[in-house]
Each structure stands twice: as structure tokens, then as C-alpha cells.
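There are 2 protein chains.
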Amino acid sequence: MNYKITIAYDGTNYRGWQMQGEHPTIQLAISQALAKLEGAPVTVHGAGRTDSGVHAEGQVASFHLSKDWDGKALRKALNGNLPSDIRVYSAEQVDDEFHARFSAKRKTYRYQIYNAEVMNPLLARYAWHFAYALNPEKLTHDGQALCGTHDFTTFTVADCETNTNVRTITDFFWKQSNSLLQLYFRGEGFLRYQVRTMVIALLELNRGRIAMTMPELIRSQKRELIRGSAPAKGLTLLAVEY
Amino acid sequence: MNYKITIAYDGTNYRGWQMQGEHPTIQLAISQALAKLEGAPVTVHGAGRTDSGVHAEGQVASFHLSKDWDGKALRKALNGNLPSDIRVYSAEQVDDEFHARFSAKRKTYRYQIYNAEVMNPLLARYAWHFAYALNPEKLTHDGQALCGTHDFTTFTVADCETNTNVRTITDFFWKQSNSLLQLYFRGEGFLRYQVRTMVIALLELNRGRIAMTMPELIRSQKRELIRGSAPAKGLTLLAVEY
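These protein sequence lines map, in sequence, to chains L and B.
Going by this note's numbering, the residue at position 111 of the first sequence is 113; the numbering climbs one at a time, nothing skipped.
Going by this note's numbering, the residue at position 199 of the second sequence is 201; the numbering climbs one at a time, nothing skipped.
Written as C-alpha cells, this is what we have:
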């Protein structure tokens, strides 16, 4: 039987999604919980390989089990075997063809920025402190320029697993509640570090520290124009659509 | 010179506000940071003695320093000497008569409840997981019944420091955003554990597990009618008015 689960996790104490030997990763924790239920190793496929320290509220994974599980019973059994910073929100049986990664159509990421002189310590695990004033119209304008189909080489690292750096971003929008800014990026797929590098680029352009427009920065394909990337703790994989 | 500071802290790693020898407390951390600036011990008065694990976004403290500090410079110097889970939002010189505790007129507390079958791990440090369905009208109605001047003996513990358990609650209201419920209590002062015990009472009444109305429960003055109190991690001291 093929199963799909939706998962949330606080990524602070994990080296990201993907298994790396015995290092703490989300994939390892879920594999271990499933192995207890199955009595044998289980291969788990995740929709997105979130990096070290990145959080999720709507990560999706799929795997096969020999037993016929009711969704609620499987969710309960998994949550009983997982640490409290990883929670299964839902579990269901799906068609044999379903694959969390290859069947995914769109993903939504949220990046949180705390934009005030002094950081709010209650948000320190989940938002990046950025003390400089931002121009809201420019943020919207530059974010819109990221939308569409582009070669995003400027915003990623060399990665032997991808043949092309062309991706499509369908939506960018942002919300503000007091000093907390939430930036949303939705697209068919993202390159490694792409969201966090786009966030840094948006902030640097906003402060006038890159003497280019966003379309010029995209076309440049020069990663060295952007210094570093925004910290992992501000990023959350919010949803995967199929 | 007399100073007033407004402070935020993540209470997870502290045994509350009040100094207890060398145990980690907020008061100790601030006293130590101030002693570095003053070159001598400094007595710090807090508006509210938050309990172990309770958070703050608007705690207020006052103290005297011999030096004439600019507010922004004092804030910066303190934040440079405090751990990152305690932040000074503002600092200012005030009249000599000002005392963070005795001058306080009203305090506002927020209690966060995550009301869904499965806990959101990104809220686990700052909200209490309560899985049972709640009746919103009854929550509003019972919370309103707490407002006014009452003897709140039902909702506290024996405490030799207080002469009377009569207190005045001026406002109760609550907000909901998806599964997160935020309960707000504003009053001239609160007894030890009062907010967390009122929260448990509201939830137990809501589920029909206490066969009384809220006014009857208040009048009973029987602490044993309410089992325990809501966990500290859901509680935040939001603001102190002067």
C-alpha cells in the first residue's frame, strides 16, 4: 500500500530533510518511526529536501507499507514514535503512482523577517532579524520581477543533480503584522538555496546595496553579486500542491 | 538617576523573574548586565514577577544608576551584555518616584492555546496544545464573568505576601487565527498562578467538566474544584500600563 503524509517540523535541531548516515535528519526520524510499525526498513520520499535548520508546516512524504492502515491510526502510531518537534498532520492511502517528489506540482515557501531595531526573542527561532528600514513598494515591485520563468543561476549554487537552472515562480506576495514581515514564494520547483538567496537579494536591492534592477540581476547569472543567503531559521516549507 | 526599561524574554530557560540565588532568572541576568555598566551591584524592580517558564513582550523594570545615560545608549549597552533570549526594547530616564512595581496601574497577559488534534511543532514553545473542541460563545461568556472586582481565592495558591485575594479584571477578550487561540486578560493586578488557573477553569467549564457556572465557581472560593493550571509556556506578560 502507498501512503502520503503531511508533516510539520521545527528544523532547529536537524540537519535538514535528507538522510546523512546517523546524523539527525527529518527523513531518518520518519524512516525509523516507520520501520518500527513495519518491522522492516521503509524508504521515505519527501516532496522537498529542506536544508539544515529549515522548518516545515506542510512537507509531504510518501512510502509503501505492507499493512493496510487507516489514515488516523497511522498518524497516531507515527506521532507516538516521533520526537515532538516532528508531527504528522495527516496520513492517507494513495494510488500506487503517487510519489511525494515527482508528483508535486507547486510548492509554497514562507520567509519571516523581523524588521525592527531590537529582535523579539519570542520570534528568534523562526524569523531573521533585519534592522534596516525597508521600502514596501520596492519590495513588492522587485518580488514581482522574480515571477515568471527564468534561469535562476544568480540565486543558487553549483549542483550536479540539476541539468538546468530554469524554474518558474508563479506567485510572490508579502504580509506585515507589526514588525513581522512574511514573504511568500510559490513555484513549480526551487533550486538549492534559491529562496534564501532571493530573500537576501530583495533586501540588498531594497537598501540600494546592489546597483542593478532585479531583472538585470536575474539576467547577470552572477552568484557573486549577492553576498551569502538569508539564515535557514526564517524559512518554512508551507505547502506542496499535487 | 532613575531608569525605566521595557523588556521581552523567552522564559523557557529561566526560573521566572525573581532572583533565587544563582539559579537562572530574568532579574539576575538584568542585575548582572547592569552591574557591569555601573561597576557596582544594582537593585532591579520588575513590574510583575513572572513564574518559571512564563514569557514577556512588555515586562517593565526600574533601577537607579549613578551615571547619566542616554536611553538608546543604555539599551544598546544592556543588550550587548544580555543573552539573546532577553532583549531590552526601550530605556528611558524617569522621575525619582517611579517604581516599576508600585507605580503599575494595569497589566495585560496573553495565553496561547493551540486547539487542534495534532500540535503545531513551530508553536510548541509558546502555546499549550488543547485537542478538544471549544464552544466560542461559552468561552466569551465565561471570560466576561471573570471581569469586575472579585475575591479570586478559587484561582490562586496560599501566598503569605498578599493580604487579600480581591482583584479587579477590567478586560477579557480572545482572538483566533486558524487553530491558534489567544486569550487576553487585563487587570489592575493578578494573584500568583491566577491567569493560568483561570485558563484551565475556562477550558474545563467549556467541556462541561465542572458542573457550575463561572460566577458560582468564583464565589465557591474552592481551589480544589480546578485541577492544576495551564502550562507556563502559553503565558506571556504583554504590557504594563502606568
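No residue lacks a Cβ here, since even glycine has one placed at the ideal position from N, Cα and C.
Which residues in chain L sit within 8 Å of residue i, going by Cβ to Cβ distance?
i       : result
Y122(B) : It should be pointed out that residue 122(B) corresponds to Asn in this sequence rather than to Tyr. Simply A10, E59 and R89.
S86(B)  : M121, P123 and A126
N81(B)  : V120
Using the DSSP secondary-structure output, state which residues sit across from residue i in a beta bridge.
i       : result
I171(L) : G150(L) and G189(L)
T238(B) : H57(B) and R112(B)
L182(L) : Y116(L) and S179(L)
V90(B)  : I9(B)
A63(L)  : I7(L) and G48(L)
G95(L)  : The question names Gly, but residue 95(L) is Gln in the sequence shown. In the DSSP output, where bridge partners are listed per residue, Q95(L) has Y5(L).
E243(B) : R108(B)
By Cβ distance, which residues of its chain are closer than 6 Å to residue i, with the 5 residues on each side in sequence left out?
i       : result
M21(B)  : T27, Q29 and L30
G13(L)  : G55, V56 and H57
V62(L)  : T8, A49, A102 and V242
E94(B)  : K6 and G73
I32(L)  : V46
W130(B) : I115, A232, P233 and G236
C149(B) : I171 and F174
W19(L)  : I28, Q29, G48, R51 and T52
G191(L) : R169
Excluding the 5 residues flanking residue i on each side, which residues of the same chain have their C-beta closer than 8 Å to its C-beta?
i       : result
M214(L) : L207, S222 and L227
Q196(B) : F154, F157, T158 and R169
R89(B)  : I9, A10, Y11 and N81
G166(L) : Per the sequence shown, residue 166(L) should be read as Thr rather than Gly. Cβ within range, chain order: D153.
L36(B)  : V44, V46, F65, L67 and L80
S181(L) : Y116, N117, A118 and N122
Q34(B)  : N83
W176(B) : L141, T142, G145, L183, Q184, L185 and Y186
R127(B) : D12, T14 and K235
A147(B) : T215, M216, P217 and I220
P85(B)  : A31
Can you name, in chain order, every residue of its own chain whose Cβ lies under 7 Å from the Cβ of residue i, other than the five neighbours on each side?
i       : result
Y244(B) : S105, A106 and K107
D87(B)  : Y11, D12 and N15
D70(L)  : M3
G230(L) : I202
R77(B)  : V90, S92 and A93
L136(L) : N117 and N208
Y134(B) : R209
Does residue i get closer than 9 Å to chain D when you measure Cβ to Cβ?
i       : result
A129(L) : Among the protein chains in the structure shown, which are L and B, there is no chain D.
Using a Cβ-based criterion (distance less than 8 Å to any ligand heavy atom), does residue i qualify as near the ligand PLP?
i       : result
P217(L) : The ligand PLP is absent from the structure shown, which contains no ligand whatsoever.
> On the three-pair Cβ rule with 8 Å, is the stretch 104–120 of chain B touching the stretch 230–241 of chain B?
Replying inline: Output reads yes: the stretch 230–241 of chain B touches the stretch 104–120 of chain B.
> What runs of the alpha helix (DSSP H), each 4 residues or longer, lie entirely inside the stretch 97–159 of chain L?
Replying inline: Counting only runs of 4+ residues, the alpha helix (DSSP H) found wholly inside the stretch 97–159 of chain L occupies 138–148, in chain order.
>> If contact is defined by three or more beta carbon pairs under 8 Å, each pair taking one atom from either stretch, is the stretch 114–133 of chain L in contact with the stretch 40–53 of chain L?
In response: The stretch 40–53 of chain L, when compared against the stretch 114–133 of chain L, does not touch it at the 8 Å Cβ threshold.
>> Any contact between the stretch 219–230 of chain L and the stretch 150–161 of chain L? By contact I mean 3 or more CB pairs, one from each, below 8 Å.
In response: By the Cβ test, the stretch 219–230 of chain L is in contact with the stretch 150–161 of chain L, since at least three Cβ pairs between them sit closer than 8 Å.
> With a cut-off of 8 Å, do at least 3 Cβ pairs link the stretch 98–105 of chain L to the stretch 44–55 of chain L?
Replying inline: Result yes; three or more Cβ-Cβ pairs closer than 8 Å.
>> Three Cβ pairs or more, each shorter than 8 Å: is that satisfied between the stretch 204–211 of chain B and the stretch 134–149 of chain B?
In response: Yes: the two stretches touch, three or more of their Cβ pairs being nearer than 8 Å.
> Are three or more beta carbon pairs between the stretch 6–18 of chain B and the stretch 184–196 of chain L nearer than 8 Å?
Replying inline: Because the criterion of three Cβ pairs below 8 Å is not met, the stretch 6–18 of chain B and the stretch 184–196 of chain L do not touch.
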